[in-house]
Amino acid sequence: MMNKLLKLLLPFVLFSSHLAASDDIKPSRAILESNVGEMEVEMRLMDDGSWKLTSLLDGGSIVKREEFETFELINNQIKPLTYRFNQRILFRRYKASADFDWDKNEVTFTEDKDNGIVGLSQDVLGPSSASLQL
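Printed below as a string of structure tokens:
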């Protein structure tokens, strides 16, 4: 179970998530072309001041992929709050989620039928917010 979580999160987790300035992040939307359809990527500022990064690929009956992450931007640092990932390729489905509890310094995760709780380090990023650092 822990190995599966590490396989899911480890490639995406980055430390030292400082950004140059909060003005660098702006609401945006892009449409990307793929060989199975268009992928929409959007970043929105929510009413509560948090951000939501969403990606959706709808390839009809072949593939569907939905991913979103909510995070706060505090003192130019990304602080992930939630992560959800759903994917279907033909008849195979995959689901993953993570809820970041910064008060308890732990992440509650679900990966397909596995679930658990792992410790949380100060500057950990979620899978989607890690790409913002790049």
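Residues in the sequence shown are numbered consecutively from 1, following this note's numbering. Where a beta carbon is used, it is the ideal one built from N, C-alpha and C, also for glycine.
Problem - Best match in D58, R88, D101, D103 for proximity to D112 [C-alpha to C-alpha] - result: Position 112 of the sequence shown, counting from 1, holds the residue named residue 112. The alpha carbon of D112 has as its nearest neighbour, out of D58, R88, D101, D103, the alpha carbon of R88.
Handout entry: Beta carbon of E69 nearer than 9 angstroms to that of L53
Key = As a working note, residue 69 is residue 69 in the sequence shown. As a working note, residue 53 is residue 53 in the sequence shown. A contact, by the Cβ cut-off of 9 angstroms.
Handout entry: Cβ neighbour criterion (16 or more within 10 Å) applied to G126
Key = Counting from 1 along the sequence shown, the entry for residue 126 is found at position 126. That one is buried.
Practice task
Consult DSSP for S28 and reduce its assignment to one of helix, strand or coil.
Solution key: Here residue 28 refers to the residue found at position 28 of the sequence shown. S28: strand per DSSP, three-state reduction.
Problem - Minimum C-alpha distance to S28 - residue among S61, E40, A98, V36 - result: Working through the sequence shown from its first residue, we reach residue 28 at position 28. It is E40 whose Cα lies nearest to the Cα of S28.
Practice task
Compare the C-alpha of K104 against each of S34, G119, V63, K64 and name the closest.
Solution key: In the sequence shown, the residue the question calls residue 104 occupies position 104. With distances taken between CA atoms, K104 lies nearest to G119 out of S34, G119, V63, K64.
Exercise for the section: May I ask you to report which of helix, strand or coil DSSP gives S129? Expected result: On the sequence shown, position 129 is the one that residue 129 refers to. Helix, per DSSP.
Problem - Option in L90, E106, E38, L57 with minimal Cα separation from Q122 - result: Position 122 of the sequence shown holds residue 122. Taking only the C-alpha atoms, the option nearest Q122 is E106.
Problem - Rounded straight-line distance, which links the Cα of K64 to that of G49 - result: Along the sequence shown, one-based indexing puts residue 49 at 49. Along the sequence shown, one-based indexing puts residue 64 at 64. Roughly 29 angstroms separates the two Cα atoms.
Exercise for the section: Give every residue of the same chain whose Cβ lies closer than 8 angstroms to the Cβ of A30, excluding the five residues on either side of it in the sequence, and list them in chain order. Expected result: Translated into positions along the sequence shown, residue 30 becomes position 30. Shown here for A30: same chain residues with a beta carbon closer than 8 angstroms to its own, the five before and five after excluded, namely E40, V41, E42 in chain order.
Exercise for the section: For the beta strand (DSSP E) containing L73, list its first residue and its last residue. Expected result: If you number the sequence shown from 1, residue 73 lands on position 73. It spans 63 to 74 - the beta strand (DSSP E) in which L73 sits, taken as one unbroken run.
Handout entry: Beta-carbon contacts of S129 that lie in its chain and below 7 angstroms, excluding the five residues immediately before and after
Key = Indexing the sequence shown from 1 puts residue 129 at position 129. Counting only residues of its own chain and dropping the five nearest sequence neighbours on each side, S129 has a CB closer than 7 angstroms to the CB of L53, E69, F71, I78, P80.
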